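Residue numbers (my numbering): -9 to 192.
Glycine residues also receive a C-beta, built at the ideal position from the N, C-alpha and C atoms.
Given the structure is predicted, the values throughout are model-derived calculations rather than measurements.
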Amino acid sequence: MISRMLLRALPVFQARFISPLPIALAIAVTIMFMLVGSTRAMAAPDAVQVMLTQQKVVKDKDGKELRIDAANVLPGDVVEYRAVYRNVSKAPVTGLLADLPIPEGLAYVDGSATPVAGLQGTAAKAPAASSYSALPLMRTGSDGKMIRLPLADYRGLRWTVGRLAPGAQFVVRARAKVIAPEPIAPAARKNAPQAPPAGARP
């Protein structure tokens, strides 16, 4: 089944999504753009264009990494997401944030998100701005000591893009490992993404 990326924008600001290939992995990825404070007036509608690609990461017989079509995935497979944000307007866009939800059924691959600068994460299913923090995500254990959250508990990544000049682009990447044998229905948000289905390999 072909899935679509869901785009959501605050008033005054919109983003256009372009995909050069069918998005065949059944996971709806929400990329949210937020304009902060008085910077909203500086962003024209359709100022930022977004291109999302997703590929399965495999290794050949020599151990070299390859990226192939992600139409069919099984538990244990790793999928890489790449999103390119381009300012197609004639004015700078400022106060820009990009959110990449990680659905249940996927586990974030530690250290795979780039760029590192401006990167935060959350374990909240319906995250608020205050729920994001620097990676690795931590929690207080029963003994009062801070411990790392399991990577399967990560529910989203956020990059602070900041200012995007006219014609400039910003590229983010992250990988997730499939851990669910079957699709998991979204529960937290109306447009919550779904985990990819398990299926036979081609």
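Of the residues the options, the one placed nearest residue i, counting alpha carbons only
i: residue 140; options: 133, 57 and 99; result: 99
i: residue 106; options: 38, 163, 63 and 64; result: 163
i: residue 59; options: 52, 44 and 53; result: 44
i: residue 165; options: 38, 91, 135 and 154; result: 91
i: residue 82; options: 169, 170, 159 and 168; result: 159
i: residue 84; options: 168, 167, 76 and 154; result: 154
i: residue 126; options: 145, 115 and 75; result: 145
i: residue 108; options: 136, 62, 169 and 122; result: 122
For residue j and residue i, the rounded distance between their alpha carbons
i: residue 78; j: residue 124; result: 30 angstroms
i: residue 148; j: residue 87; result: 7 angstroms
i: residue 93; j: residue 101; result: 18 angstroms
i: residue 131; j: residue 157; result: 47 angstroms
i: residue 120; j: residue 113; result: 12 angstroms
i: residue 42; j: residue 75; result: 9 angstroms
i: residue 134; j: residue 110; result: 23 angstroms
i: residue 198; j: residue 128; result: In the structure displayed, the chain extends from -9 to 192; residue 198 sits before or after that span and is not available.
Burial state of residue i, where buried means 16 or more other Cβ atoms lie within 10 Å
i: residue 89; result: buried
i: residue 37; result: buried
i: residue 56; result: exposed
i: residue 53; result: exposed
i: residue 151; result: buried
i: residue 40; result: buried
i: residue 161; result: exposed
i: residue 167; result: buried
i: residue 73; result: buried
i: residue 103; result: buried
Complete runs of the beta strand (DSSP E) confined to the stretch 58 to 145 [at least 3 residues]: 68 to 77, 83 to 91, 96 to 98, 109 to 112, 128 to 130 and 136 to 138
Would you say the stretch 81 to 98 touches the stretch 129 to 147, given that touching needs at least three Cβ pairs under 8 angstroms? yes
For the pair the stretch 39 to 53 and the stretch 65 to 75, tell me if three or more CB-CB distances fall below 8 angstroms. yes
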